[in-house]
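Trainee: This structure is in structure tokens; I'll ask about it shortly.
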Amino acid sequence: MAGSNYQPKSKLGQWIEYRLPIFSLIDGLFGSYPTPKNLNYWWSFGSLAGIALVVQIITGIVLAMHYTPDTSLAFASTEHIMRNVNYGWLMRYVHANGASMFFIIVYVHIFRGLYYGSYKSPREILWMLGVVILLLMMATAFMGYVLPWGQMSFWGATVITNLFGAVPVVGDSIVAWLWGGFSVDNATLHRFFSLHYLLPFVIVGVVIMHIWALHQHGSNNPLGIDVKGPQDTVPFTPYYTAKDLYGFAVFFLVFAYFVFYNPNFLGHPDNYIPANPLVTPAHIVPEWYYLPFYAILRAITFDIGIPGTDIVFITAKFAGVILMFASILILLVLPWLDTSKVRSAKFRPIYKQLYWLLVIDVFVLGYVGAKPPEGILPTVGLIATAYYFIHFLVIMPILGKKEKPLPLPESIANPVVKSAE
Amino acid sequence: MKKILLAVFASLMMVGAVSSVQAASDAEHPKDLSWGFEGFTGTYDRGALQRGFQIYKEVCSACHGVKYIAFRNLMEIGFSEEEAKAIAAEYIVAGDLDEYGDPTERAGKLFDYIPSPFPNDIAARAGNNGALPPDLSLMIKARPNGADYVYSLLTGYEDGHEVAAGMSYNSYFAGSEIAMGQPLFDDQVLYADGTEASLEQMSQDVVVFLAWAAEPTLEARHKAGFKVISFLLVLTILLYFSNKKVWAGIKAKKKED
Numbered sequence: 034m035a036g037s038n039y040q041p042k043s044k045l046g047q048w049i050e051y052r053l054p055i056f057s058l059i060d061g062l063f064g065s066y067p068t069p070k071n072l073n074y075w076w077s078f079g080s081l082a083g084i085a086l087v088v089q090i091i092t093g094i095v096l097a098m099h100y101t102p103d104t105s106l107a108f109a110s111t112e113h114i115m116r117n118v119n120y121g122w123l124m125r126y127v128h129a130n131g132a133s134m135f136f137i138i139v140y141v142h143i144f145r146g147l148y149y150g151s152y153k154s155p156r157e158i159l160w161m162l163g164v165v166i167l168l169l170m171m172a173t174a175f176m177g178y179v180l181p182w183g184q185m186s187f188w189g190a191t192v193i194t195n196l197f198g199a200v201p202v203v204g205d206s207i208v209a210w211l212w213g214g215f216s217v218d219n220a221t222l223h224r225f226f227s228l229h230y231l232l233p234f235v236i237v238g239v240v241i242m243h244i245w246a247l248h249q250h251g252s253n254n255p256l257g258i259d260v261k262g263p264q265d266t267v268p269f270t271p272y273y274t275a276k277d278l279y280g281f282a283v284f285f286l287v288f289a290y291f292v293f294y295n296p297n298f299l300g301h302p303d304n305y306i307p308a309n310p311l312v313t314p315a316h317i318v319p320e321w322y323y324l325p326f327y328a329i330l331r332a333i334t335f336d337i338g339i340p341g342t343d344i345v346f347i348t349a350k351f352a353g354v355i356l357m358f359a360s361i362l363i364l365l366v367l368p369w370l371d372t373s374k375v376r377s378a379k380f381r382p383i384y385k386q387l388y389w390l391l392v393i394d395v396f397v398l399g400y401v402g403a404k405p406p407e408g409i410l411p412t413v414g415l416i417a418t419a420y421y422f423i424h425f426l427v428i429m430p431i432l433g434k435k436e437k438p439l440p441l442p443e444s445i446a447n448p449v450v451k452s453a454e
Numbered sequence: 009m010k011k012i013l014l015a016v017f018a019s020l021m022m023v024g025a026v027s028s029v030q031a032a033s034d035a036e037h038p039k040d041l042s043w044g045f046e047g048f049t050g051t052y053d054r055g056a057l058q059r060g061f062q063i064y065k066e067v068c069s070a071c072h073g074v075k076y077i078a079f080r081n082l083m084e085i086g087f088s089e090e091e092a093k094a095i096a097a098e099y100i101v102a103g104d105l106d107e108y109g110d111p112t113e114r115a116g117k118l119f120d121y122i123p124s125p126f127p128n129d130i131a132a133r134a135g136n137n138g139a140l141p142p143d144l145s146l147m148i149k150a151r152p153n154g155a156d157y158v159y160s161l162l163t164g165y166e167d168g169h170e171v172a173a174g175m176s177y178n179s180y181f182a183g184s185e186i187a188m189g190q191p192l193f194d195d196q197v198l199y200a201d202g203t204e205a206s207l208e209q210m211s212q213d214v215v216v217f218l219a220w221a222a223e224p225t226l227e228a229r230h231k232a233g234f235k236v237i238s239f240l241l242v243l244t245i246l247l248y249f250s251n252k253k254v255w256a257g258i259k260a261k262k263k264e265d
């Protein structure tokens, strides 16, 4: 993060800088920080994710001032926020839709990294910290969705926490420990509220490390080649501050559409019914951003054991849980599964097509996750799940060795292909 | 940029559409009506709101509560303070403890919430053949296409089907058998403003009232949204050209090369 020689002009600034080098730190982060000059708009999603996190924290802190995490009051206090708190409806709709916005931004950010090979050396730790952020976000969002204590809150919490019951031997103990009792109840709601308040600040900590790691080697770029010298870069300010601010404005337009004109579109009507442990909703679905993982969870419908006997090594439920967690954790080792030296898919003709196949596969999984497991869908879900893992475990290692990449350009400043000369 | 925005927006609309699709149920899809509160400039029709409140008060409130609505909120749908006070005074609510510590009762006031017809769920079931009439405060938001659904339900009762004792046939209800008997009939109430009280009219009016009960801040939201989006549009245009200007030097050099 260091590396800036910035000196404040004012006497006071210099006095402070000598004791706490904060101005050169800020300059190194967002000021003179040399950034590849060929970044496209897909690169704006990193700073957008930062803004989305800040929006969630600010609205969340205000909401926590009016919310009560008690099973007898949670639903009513949410309605109190919606009806009686000044601009409470705005805070809650921004927070609820902000979660969806945060996820779509982060998913785009991840898929940008996948396309341009941003996870490859020397950015492996940068990428792995990103995966940690994703995991923390998923935990945070899950617990946040429980807080209004509607039907989907309660039953979503019940389904997801019950997953841990599939762990052999200690499963039931883990579940009781998570619940703080023998069902999702008051103790569960209280701890979820506590953790939902804590985890965003843990995310902030990991984000700082993510940015720290980013600044060690600088941003990747659409060509996926290293920066050769100052002719390849521009200072972050004003070039990328201007570009990112434009991106922010466009993002807030989309965000505002949902908040002001379609605030419940991404939610579920059942969550406006107070939680009732005695009535199970006809169809329990998680929030949209979990749907592909939900499909993977439900993909395995058969126990794994010795055929023809009663011996079961892994129950269908446990296999689903393992696959669901594996589907995210596999990203941690992606830098080593991908054996290609070429970063950007621009110069990998076959990977480019398989990348889009993966994108389609994830959308198929999302669709399967949203629907009841009827008819052909469980089979589709199983095939799509298998393909997801084949992409990372089989295709990536082999393709990197077999594929003949296109010739790389000489440099960012001189994007002429070497062989063309 | 346009491509990105389009892709992001399209995928959001897609995920929303997919995730809000309900499990295949045998219920008929609700009739598709157009409501005054839909769309970018949607507002609640004041006449319909007050007529709808009348329907709620004279018909629905026999079994259903609207516990999140206070009498003071009635001023938001066009009742004067005196009218709202008079409506509140028609209800008996729990008062403070008296000097001996015994519970008291008093007439309702503006700050009281509209009392529900039953003291608790057990009493409600006992009085309704075992079925629980749900609170209606959030009903329109708690069902897919809530406004269309409630309207269809109210106008969708049919005779001549075989149903269990005490049940009614309604194809818009999941399972087609509903414990609530047909609540509204032509000319059931006498509207103060002279509107003809047909079944369709009354159903529409009560749906408008319930939509407001579920989302009383909708009008404020639409108005604020207009300001926010107008501001953001101008800001976006300014930032678009600022960005272009900032990069002009770099882009020009690129072209020269």
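Chains as they are written, first to last, in the working numbering: chain A, 34 to 454; chain B, 9 to 265. Where is the CB? At the ideal position from N, CA and C, for every residue including glycine.
Name the DSSP bridge partner or partners of SER444 of chain A?
Mentor: Paired residue(s): none; SER444 of chain A is not in a bridge.
Trainee: If contact is defined by three or more beta carbon pairs under 8 Å, each pair taking one atom from either stretch, is the stretch 150-170 of chain A in contact with the stretch 355-375 of chain A?
Mentor: The stretch 355-375 of chain A vs the stretch 150-170 of chain A: in contact.
Trainee: CB PRO125 of chain B to CB SER69 of chain B, shorter than 9 Å?
Mentor: yes
Trainee: Indicate whether LEU232 of chain A and LEU169 of chain A have their beta-carbon atoms separated by less than 9 Å.
Mentor: yes
Trainee: For GLU185 of chain B, which residues does DSSP report across the bridge?
Mentor: According to DSSP, which records beta bridges pairwise, GLU185 of chain B is partnered with B:TYR177.
Trainee: Who are the Cβ neighbours of PRO405 of chain A in its own chain at under 7 Å, not counting the five residues just before and after it?
Mentor: HIS316
Trainee: Which of the residues in the stretch 251-283 of chain A, read from start to end, lie with their CB under 7 Å from any CB of chain B?
Mentor: VAL267, PRO271, TYR272, ALA275, LYS276, LEU278, TYR279, ALA282 and VAL283
Trainee: Give me the chain A residues within the contact set of ALA232 of chain B, using Cβ-Cβ distance strictly less than 8 Å, ordered along the chain.
Mentor: LEU123 and PHE293
Trainee: Suppose you measure from the CA of MET34 of chain A to the CA of ASN447 of chain A; what does that come to, to the nearest Å?
Mentor: A caution first: MET34 of chain A carries a pLDDT of 46, below 50, which makes its placement in the model too unreliable to give a value.
Trainee: Name, please, each residue of chain A whose Cβ falls closer than 8 Å to the Cβ of THR4 of chain B.
Mentor: Summary: the structure shown does not reach residue 4 of chain B, with chain B confined to residues 9 through 265, and so no result is reported for it.
Trainee: Measure the beta-carbon distance from LEU256 of chain A to LYS374 of chain A and round it to whole angstroms, keeping in mind my assumption that it falls under 8 Å.
Mentor: That belief does not hold up - the Cβ atoms of LEU256 of chain A and LYS374 of chain A are roughly 14 Å apart, past 8 Å.
Trainee: Tell me whether LEU72 of chain A is buried or exposed, calling it buried when 16 or more other Cβ atoms sit within 10 Å of its Cβ.
Mentor: In this structure LEU72 of chain A is buried. Its beta-carbon is surrounded by 16 or more other beta-carbon atoms within 10 angstroms.
Trainee: Consider the Cβ of GLU454 of chain A: report whether some Cβ of chain B lies at a distance smaller than 9 Å.
Mentor: Because the pLDDT at GLU454 of chain A is just 40, under 50, the model does not fix this residue reliably, and the value given afterwards should be weighed accordingly. Judged by the 9 Å Cβ criterion, GLU454 of chain A is not in contact with chain B.
Trainee: Could you check the C-alpha separation between THR372 of chain A and LEU432 of chain A for me, to the nearest Å?
Mentor: 8 Å
Trainee: Answer with yes or no whether the minimum CB distance from VAL16 of chain B to chain A is below 9 Å.
Mentor: Residue contact check for VAL16 of chain B against chain A: a CB pair falls below 9 Å.
Trainee: Using a Cβ-Cβ distance cut-off of 9 Å, determine whether ALA289 of chain A contacts chain B.
Mentor: Answer yes: the Cβ-Cβ gap between ALA289 of chain A and chain B drops below 9 Å somewhere.
Trainee: So if DSSP puts ILE241 of chain A in a beta bridge, which residue, or which two residues, is it bridged to?
Mentor: According to DSSP, which records beta bridges pairwise, ILE241 of chain A is partnered with nothing at all.
Trainee: By DSSP, does THR313 of chain A sit in helix, in strand, or in coil?
Mentor: coil
Trainee: Are the beta-carbon atoms of LYS93 of chain B and SER145 of chain B separated by less than 9 Å?
Mentor: Contact: no.
Trainee: What's the gap between the Cα of LEU222 of chain A and the Cα of LEU14 of chain B?
Mentor: 38 Å
Trainee: Would you say LYS350 of chain A lies against chain B (beta-carbon separation less than 9 Å)?
Mentor: no
Trainee: Which of the residues in the stretch 38-51 of chain B, read from start to end, lie with their CB under 7 Å from any CB of chain A?
Mentor: PHE48
Trainee: Report yes if the CB atom of TRP175 of chain A is closer than 9 Å to the CB atom of GLY163 of chain A, and no otherwise.
Mentor: According to the sequence shown, residue 175 of chain A is Phe rather than Trp. Going by C-beta atoms, PHE175 of chain A is not nearer than 9 Å to GLY163 of chain A.
Trainee: Comparing the C-beta of VAL236 of chain B with each C-beta of chain D, is any distance below 9 Å?
Mentor: Checking the listed chains, one finds no chain D in this structure; the protein chains it contains are A and B.
Trainee: Quick check: the stretch 120-128 of chain A against the stretch 91-108 of chain A, are at least 3 beta-carbon pairs closer than 8 Å?
Mentor: They touch, by the three-pair rule.
Trainee: Using only alpha-carbon positions, find the residue among B:GLY189, B:LYS117, B:PHE193 and B:PHE45 that is nearest to MET83 of chain B.
Mentor: B:LYS117
Trainee: Using a Cβ-Cβ distance under 9 Å, would ASN136 of chain B count as near chain A?
Mentor: no
Trainee: With a threshold of 16 other CB atoms inside 10 Å of the CB of GLU90 of chain B, please say whether the residue is buried or exposed.
Mentor: Residue environment: GLU90 of chain B is assigned as exposed (fewer than 16 neighbouring CB atoms within 10 Å of its CB, all protein chains considered).
Trainee: Any idea if HIS250 of chain A is buried or exposed, counting beta-carbon neighbours within 10 angstroms, 16 or more meaning buried?
Mentor: Looking at its Cβ environment, which holds fewer than 16 other Cβ atoms inside 10 Å, HIS250 of chain A is exposed.
Trainee: On the three-state DSSP scale, how would you describe VAL217 of chain A?
Mentor: coil
Trainee: Quick check on ALA228 of chain B: buried or exposed, where buried means 16 or more other Cβ atoms within 10 Å of its Cβ?
Mentor: Only exposed fits ALA228 of chain B, as fewer than 16 other CB atoms lie within 10 angstroms of its CB.
Trainee: Ignore the nearest five residues each way along the sequence and tell me which others in ILE347 of chain A's own chain have a CB closer than 6 Å to its CB.
Mentor: ILE337
Trainee: Quick check: TYR272 of chain A and ILE258 of chain B, are their CB atoms within less than 9 Å of each other?
Mentor: It is a contact, given that the beta carbons lie within the stated cut-off.
Trainee: How about GLU36 of chain B and SER160 of chain B: are their beta carbons less than 9 Å apart?
Mentor: yes
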